[in-house]
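Enquirer: I have a structure I would like to understand better, so I am pasting it below and will then ask my questions one at a time.
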Amino acid sequence: MFSTRNFNRSKPVLFILILFPSLLWAYQFVTGNLGVNPIEKLMDELGLMALRLIIITLMITTLSNIKNLKSIVVLRRMIGLFAFYYVCLHFSTYIVLDHFLDMQFIIQDIIKRPFITFGFISFLFLIPLASTSTNNMIKRLGFKLWKKIHYLIYPVAILASMHFYVLVRADKTEPVIYMGIIILLLLHRIFKRLTRPHLVQ
Amino acid sequence: MKILGSEITPYKTYLNRRKFIKGSLASAMLATVTSSALANHENDPSIYSKNLNENDKLNSYEEITTYNNFYEFGTHKKHPHLNSGNFKPRPWTIKIDGLVKKPQTFDLEKILSNVTIEDRVYRLRCVEAWSMVIPWQGFQLSELIKMAEPLSSAKYVQFVTVFRPEEMPGQQKRTIIWPYREGLRMDEAMNPLTILATGLYGHEMPNQNGAPIRLVVPWKYGFKSIKSIVEIRFLDTQPETSWETLAPWEYGFYANVNPNVNHPRWSQGTERRIGEFKRRETLMFNGYEEEVAHLYKDLDLTKFY
């Protein structure tokens, strides 16, 4: 049931499911159905979606440790790229719609406001991940180096959840839940590493 | 637009409107309306519009009542609109205590029969860098302060919001320390711009906007304009206020709208007027510099933000 083949088969459906929200929000934005502060709403939805997708990619790696779920890892690249897609939309909403390409202001904003700094660094770290996502790149870089680069997903996830945490004014429940999940997933990885049988040279 | 209030006129609305007729000629600074324009306020926003600054446009009733920060009903902007249906703003009393001649509790009705309700069209600037233009009905806080007869030792006024977790679902969670508290210096409280509002667009104050009575201090960030007030206390020391207690490095006691003093989360240099696409420049004291700048001439506003 959880074969590589079946996971591969589910990809087109997943693709549409994950793409759909962005199309819906774009439509709602254009037709004026995103509430009275549509730019803020659009930015929030896109950012939240991106954070959730980042967390899902981490979960996939953990799930793939389960014997019968090994093949789930074939979904990771697509979801990771979608995370990048939503981050790009989120960031361009901020730059274009929210601040109308006022670059001087935006640079100040990124430097001065910690939550924007976190978000921006997170975005920068995602760029090498997204641009080395093809099989060809894995081959060119070699799996070891490629894997090292892709450890960047950890600071990306932590920074992204901090970006959300600092943004929320009072009720921090939701960002704390996300941070908790990320920490648990990281702890699991560290635990796995420490308990891995050492190879005798 | 909204059926509320325009189809059925509750007694209080009626009272509010009577008061409003009485007061309409007295409204000095920003808004004057002739009594012939009183009927069906809500259907004729032009009576408010003509008192507007040429750069401002009224926000719609829908915008003003569906996009609110009122954490007592939840932390999302739409929560107050969605979750405030069970709130009962009548009957209502306000307790007056602290440094006053005689502590007492007033029925809201009694207060309203002693004051003049007038129209005030004000800009509201939220600390989150969005803003609206709202046609309030209310009376000057100074009128209530006169009724309260504070002692000369009173230097500050503290306000407290009602605590009713059974009617205000947001209060069931400790997002901030309930009840919500705010405060003003006495001279700020006595300033003619400072009002207690009991209505907007000619409607009774909607629950999500702070029914039945709330403060409006237009030159300060929105969180100073405390809603659903049940207690007013006169003090000789600066009172604790909710947001300042929660995050003193972000929110000060004064919280004057000031494009030159940055907030760690939001640049205060610009704002998005709800309904507009491009941001606009934020004005010093939210554009009320002429009326209030003198209050702060000896104060370092970067320190006392």
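Chains as they are written, first to last, in numbering that gives the first Met the number 0: chain A, 0 to 200; chain B, 0 to 304. Glycine residues also receive a C-beta, built at the ideal position from the N, C-alpha and C atoms. A quick note: this is a predicted structure, and the numbers were derived from the prediction, not measured.
Using a Cβ-Cβ cutoff of less than 8 angstroms, which residues in the same chain neighbour B:Gln171 once the five nearest sequence positions on both sides are dropped?
Expert: Once the five neighbours on either side are set aside, the close Cβ partners of B:Gln171 are Pro164.
Enquirer: Step through the CB atoms of chain A and report whether any lies within less than 7 angstroms of the CB of B:Asn273.
Expert: Per the sequence presented here, residue 273 of chain B reads as Ile, with Asn not at that position. With 7 angstroms as the cut-off, B:Ile273 counts as an interface residue toward chain A.
Enquirer: Please list, in chain order, all residues of the same chain as B:Cys125 whose beta carbon is under 6 angstroms from its beta carbon, the five residues on each side excluded.
Expert: Excluding residues within five positions, the ones whose Cβ falls inside 6 angstroms are Gly221.
Enquirer: Taking the Cβ atom as the reference point for each residue, do A:Met48 and A:Pro20 lie within a distance shorter than 7 angstroms?
Expert: Result yes, Cβ atoms of A:Met48 and A:Pro20 sit closer than 7 angstroms.
Enquirer: Report, in whole angstroms, the separation of the C-beta atoms of B:Gln207 and B:Phe105, which I expect to be a contact under 8 angstroms.
Expert: The pair is not a contact, with the Cβ atoms about 24 angstroms apart (cut-off 8 angstroms).
Enquirer: Expressed to the nearest angstrom, what Euclidean distance is found between the alpha-carbon atoms of A:Asn135 and A:Gly31?
Expert: Answer to the nearest angstrom: the Cα atoms are 43 angstroms apart.
Enquirer: Quick one: what's got a C-beta closer than 6 angstroms to B:Met204's C-beta in the same chain, skipping five residues either side?
Expert: Only Thr197, Gly198, Ala210 and Pro211 meet the Cβ criterion.
Enquirer: Nearest-angstrom Cα distance between B:Ile20 and B:Ser48?
Expert: Model confidence at B:Ile20 stands at a pLDDT of 46, short of 50, so the residue's coordinates are unreliable and nothing is read from them.
Enquirer: Can you name, in chain order, every residue of its own chain whose Cβ lies under 6 angstroms from the Cβ of B:Trp91, other than the five neighbours on each side?
Expert: Contacts found: Leu107 and Pro211.
Enquirer: Report back the beta-carbon spacing between B:Leu342 and B:Val99 to the nearest angstrom; my notes put them in contact at under 8 angstroms.
Expert: Nothing about residue 342 of chain B can be reported from this structure: the residues present for chain B run from 0 to 304 only.
Enquirer: Which of the residues in the segment 156-189 of chain B, read from start to end, lie with their CB under 8 angstroms from any CB of chain A?
Expert: Of all residues in the segment 156-189 of chain B, Lys172, Thr174 and Ile175 have a Cβ within less than 8 angstroms of some Cβ in chain A.
Enquirer: Roughly how many whole angstroms lie between the Cα atoms of A:Arg192 and B:Thr174?
Expert: Cα to Cα, A:Arg192 sits roughly 38 angstroms from B:Thr174.
Enquirer: In chain B, which residues lie less than 8 angstroms from A:Ala169 when you measure between Cβ atoms?
Expert: Tyr70, Thr74, Thr174, Ile175 and Leu245, listed in chain order.
Enquirer: So, using beta-carbon positions, are B:Pro217 and B:Tyr121 closer together than 7 angstroms?
Expert: Against a cut-off of 7 angstroms, the Cβ pair of B:Tyr121 and B:Pro217 comes out as a contact.
Enquirer: Is there a Cβ from chain B that is less than 7 angstroms from the Cβ of A:Leu185?
Expert: No, its Cβ sits nowhere closer than 7 angstroms to a Cβ of chain B.
Enquirer: Given a threshold of 16 other Cβ atoms within 10 Å of its Cβ, counted over all protein chains shown, does A:Met102 qualify as buried or as exposed?
Expert: A:Met102 is exposed by the Cβ-count criterion.
Enquirer: Of all the alpha helix (DSSP H) runs that stay within the bounds of the segment 170-203 of chain B, which reach a length of 4 or more residues?
Expert: The qualifying runs are 185-189.
Enquirer: For B:Tyr66 and chain A, any beta-carbon pair shorter than 7 angstroms?
Expert: True, the Cβ-Cβ gap to chain A drops below 7 angstroms.
Enquirer: Return the chain-ordered list of same chain residues with a C-beta closer than 6 angstroms to the C-beta of A:Ile55, the five sequence neighbours on each side being excluded.
Expert: So the qualifying residues of the chain are Ile78.
Enquirer: Which of the three DSSP states is assigned to B:Arg279 in this structure?
Expert: B:Arg279 falls in the strand class under three-state DSSP.
Enquirer: Can you confirm whether B:Lys219, when its beta carbon is compared against all beta carbons of chain A, has any partner nearer than 7 angstroms?
Expert: By this cut-off, B:Lys219 is not an interface position.
Enquirer: Is A:Phe6 close to chain B, meaning its C-beta is less than 7 angstroms from at least one C-beta of that chain?
Expert: Judged by the 7 angstroms Cβ criterion, A:Phe6 is not in contact with chain B.
Enquirer: Output needed for A:Gly118: all residues of its chain with C-beta closer than 6 angstroms, excluding positions within five of it in sequence on either side, in chain order.
Expert: Counting only Cβ-Cβ distances below 6 angstroms, and skipping sequence neighbours, we find His162.
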